[in-house]
Every structure is written in C-alpha cells, then in structure tokens.
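Asks: My questions all concern the structure below.
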Amino acid sequence: MENPQTLKQCIELGAKYLERNKVENPYVVAELLAARLYSCGRMDLYQHAADKPQKRVLDAMRRGLQRVVAGEPIQYVLGQWDFHNLTLKVDKRALIPRPETEQLVDIVLKSSHLAGCEKPLVVDVGTGTGCIILSLAKALDKGVFVGIDISQDALSLAQENAALVGLEGRVHFAHGDGCGEFDPGSVDVLVSNPPYIPSKVVDGLEPKILEHEPRLALDGGADGLYIYRSLIFDAVMVVKPGGCIYFEIGDEQGSVITVLLEEFGFTDVEIKKDYAGKDRFAIAVQSA
Ligand SMILES: C[S@@+](CC[C@H](N)C(=O)[O-])C[C@H]1O[C@@H](n2cnc3c(N)ncnc32)[C@H](O)[C@@H]1O
C-alpha cells in the first residue's frame, strides 16, 4: 500500500489491494481493519476520514491486509468478533462464532421453559469461545451456567472471554467429553452446537476454514452425528424431567436427529429453520 495521506485514502487503497487479491467484500474488510485500529465502530470511521494515520496504524493495517490476503479469516486477524450482545476475543483456539448460533441463543431465551425455572442449571456442551453460555448468562438474571469443552485451548479462551465481558463469577467452565458428569436429573437446559460436519466433507472445506479453525470444532465423525449420539445418550440421564435440549444441527440432519431423540424418549421434538430457510435447530423435552 502506498503512503496514504488520510484515513479515507488508507481504507480505499486497502480495499483495492484486497480486491486485486480476490478477497470477498474488500471494502468491508478494509473498514473492519481500520475500525479495529481506531477502536471504533465501522460507522464511526468517517469522523476520522480526513485524519492522517500514524505510522503505527499504517504498519498494523498493512500487516492485517497481508494476513487476510494470505487466507486468514478476518475474525482472527481482528482478534475479536461480535456475537449476540457481546464482543468476544476470537483466535485459533476455537471456532469463530457463526450468525446461526446467535439464533440458537435467541431460541433458548424465548422458550417458555426457562421462564418457569427458579434457578435453572444451563449447560453448554462444546462451548468454544463461550459465546452461547456467556450470551445466555448475560441475558438471564438467575441461573447456574456451565460451559464444557473437550479442548483445553477452547476452555482457556472461553475463560478469558468470561473475564472480558464481566461474567467471570457467573459462568463456570470445565473440561469434559459430553455432559455425562452432571448429577442425574440435574440439568434444566442442555444447549449445544457440536461439531456436525461429516469427516469427508471437512476434508474438502475451503482452506480459510480448514487451515485456521480447529478440526475438533468441525468434525462430527463419519456421518457427522457422532457427538449428537453421545450427547443424547448422556442427556437421558442428566436432563431433568421436563428439561429441554437445544441443538444446532446440520441442514440435512433434521430427520435423523428427530428419530434419535424420539428413540431415547424425548418428546415434543421440533426442528426449526435458520434465517436462510434451512433446518438448523433441534429442540426436545425430556419426558416426565
Ligand atoms: C462447532 S464448535 C462450537 C463452539 C461454540 N459453541 C460456538 O457455537 O461457536 C464445537 C465445540 O465442541 C467441542 N467438542 C468437540 N467434541 C467434544 C466433546 N466430545 N465434548 C465436549 N466438547 C467437544 C470442540 O472443541 C468445539 O469447541
């Protein structure tokens, strides 16, 4: 990038560089980088449009642009990402939170089930950055909130995020494989966005995902259903009668997950669509 005289020019030159290198949405990406460096929102950038960027800012902008061109997801380059009402730290220790998962949080929050619980035990299996459980704890004034992950790396990031958003004392994180360690019949809400992509499909994912995001967060085994089977098996024991399960699912997994949940005695199974009109969420109730 040549030496821009103003921030506006810096964004324009950055966007052109990204465009030449076939990066999608080059202008948005250049603005996101600049906004991060100015610690402001994208919409506020233009208050600084005529400012001459300091050398430190230009150097950081150049480094950011190069990382994006090299194929790194913009979220990791920024080191933070907005999810629901929180700004979370994101890095290669855990999956980048996706917009569909914000919808999963909204589904849980709107459920009549939660309203009826005095002090619900809410468990998020496969917590990653902690995005789901932290958003739920932020929105609910009562409850016990636990995030579980098999990845120590993800847990360390989730813990950092809890501190970042001021929920350190209210959300607990624990290492675990599934949720079988909870007391029988103790869990009011089990929520999970587990890895659900079949292994062979993971092998063919675009390098931006495959080379940067943890495979452990993506790979759901040969048919993509491995974790659901073990979670449903655990849930039979640990979810309270009348307690609820909320899963994010792959868009072709609705019918098979319905069968699995019903086979294990769960009732009121419902498959909900995401904003793109694809099957994306499974909800079920533990029978009394
Ligand atoms: C698709 S990511 C979801 C992360 C986060 N909840 C989100 O929605 O962005 C799945 C997470 O499940 C974790 N995981 C994979 N297998 C697990 C298991 N058997 N028990 C607990 N966590 C597991 C991975 O480490 C990863 O963090």
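The numbering used here runs 1465 ahead of the 1-based position in the sequence shown.
Backbone N, C-alpha and C define an ideal beta-carbon position, used for all residues, glycine too.
Quick one: what's got a C-beta closer than 8 Å to Lys1603's C-beta in the same chain, skipping five residues either side?
Replies: His1549, Asn1550, Leu1551, Val1630, Leu1632
Asks: Per DSSP, what are the beta-bridge partners of Gln1617 in this structure?
Replies: DSSP output for Gln1617 lists no bridge partner at all.
Asks: Have a look at the DSSP bridge pairing and note the partners of Thr1709.
Replies: The sequence as given places Cys at residue 1709; Thr does not occur at that position. BP columns for Cys1709 point to Val1654, Val1750.
Asks: Just to confirm the assignment: which complete beta strand (DSSP E) runs, minimum length 3, are found wholly within the region 1542-1615?
Replies: 1545-1548, 1551-1554, 1586-1590, 1609-1614
Asks: Beta-carbon within less than 6 Å of Leu1681's beta-carbon, same chain only, minus the 5 sequence neighbours each way: which residues are those?
Replies: Ser1616
Asks: Can you tell me whether Ala1619 sits near ligand 1, meaning its C-beta is under 7 Å from at least one heavy atom of the ligand?
Replies: Distances from the CB of Ala1619 to the heavy atoms of ligand 1 include at least one below 7 Å.
Asks: What are the partner residues of Ile1697, as DSSP defines its beta bridges?
Replies: According to DSSP, Ile1697 bridges with nothing at all.
Asks: Alpha carbon to alpha carbon, how far is Glu1671 from Leu1560?
Replies: 15 Å
Asks: Can you determine whether any heavy atom of ligand 1 sits closer than 7 Å to the C-beta of Val1588, and answer yes or no?
Replies: Short note on Val1588: C-beta not closer than 7 Å to any heavy atom of ligand 1.
Asks: Could you tell me which of Val1721, Val1542, Cys1596, Ala1580 sits nearest to Gln1568, measuring between CA atoms?
Replies: Cys1596
Asks: Assess contact between the region 1569-1589 and the region 1527-1538, defined as three or more Cβ pairs (one per stretch) separated by less than 8 Å. Is contact present?
Replies: Short answer: they don't touch.
Asks: From Gly1643, Phe1731, Leu1510, pick the residue whose C-alpha is nearest to that of Ala1499; which is it?
Replies: Leu1510
Asks: Measuring straight from C-alpha to C-alpha, what distance separates Glu1735 and Phe1610?
Replies: Distance between the alpha carbons of Glu1735 and Phe1610 is about 24 Å.
Asks: On the criterion of 16 or more Cβ atoms from any shown chain inside 10 Å, does Asn1658 qualify as buried, or is it exposed?
Replies: buried
Asks: Please report the straight-line C-alpha distance between Pro1564 and Asp1547, rounded to a whole angstrom.
Replies: 10 Å
Asks: Assuming contact is defined by CB atoms lying nearer than 8 Å, are Ala1700 and Cys1644 in contact in what I supplied?
Replies: Yes, these two residues count as a Cβ contact at 8 Å.
Asks: I'd like to know whether the C-beta atoms of Ala1639 and Ile1613 end up nearer to each other than 8 Å.
Replies: yes
Asks: What do you reckon, are the CB atoms on Val1750 and Phe1731 nearer than 8 Å?
Replies: yes
Asks: Starting from Val1534 and walking both ways along the alpha helix (DSSP H), at which residues does that stretch end?
Replies: 1520-1534
Asks: Can you name the residues that DSSP bridges to Lys1738?
Replies: Note: Lys1738 sits in a beta bridge opposite Asp1744.
Asks: For Pro1564, verify whether its CB is less than 7 Å away from any heavy atom of ligand 1.
Replies: no
Asks: When you compare only the Cα positions, how much space is there between Glu1477 and Gly1593?
Replies: The alpha-carbon separation between Glu1477 and Gly1593 amounts to approximately 35 Å.
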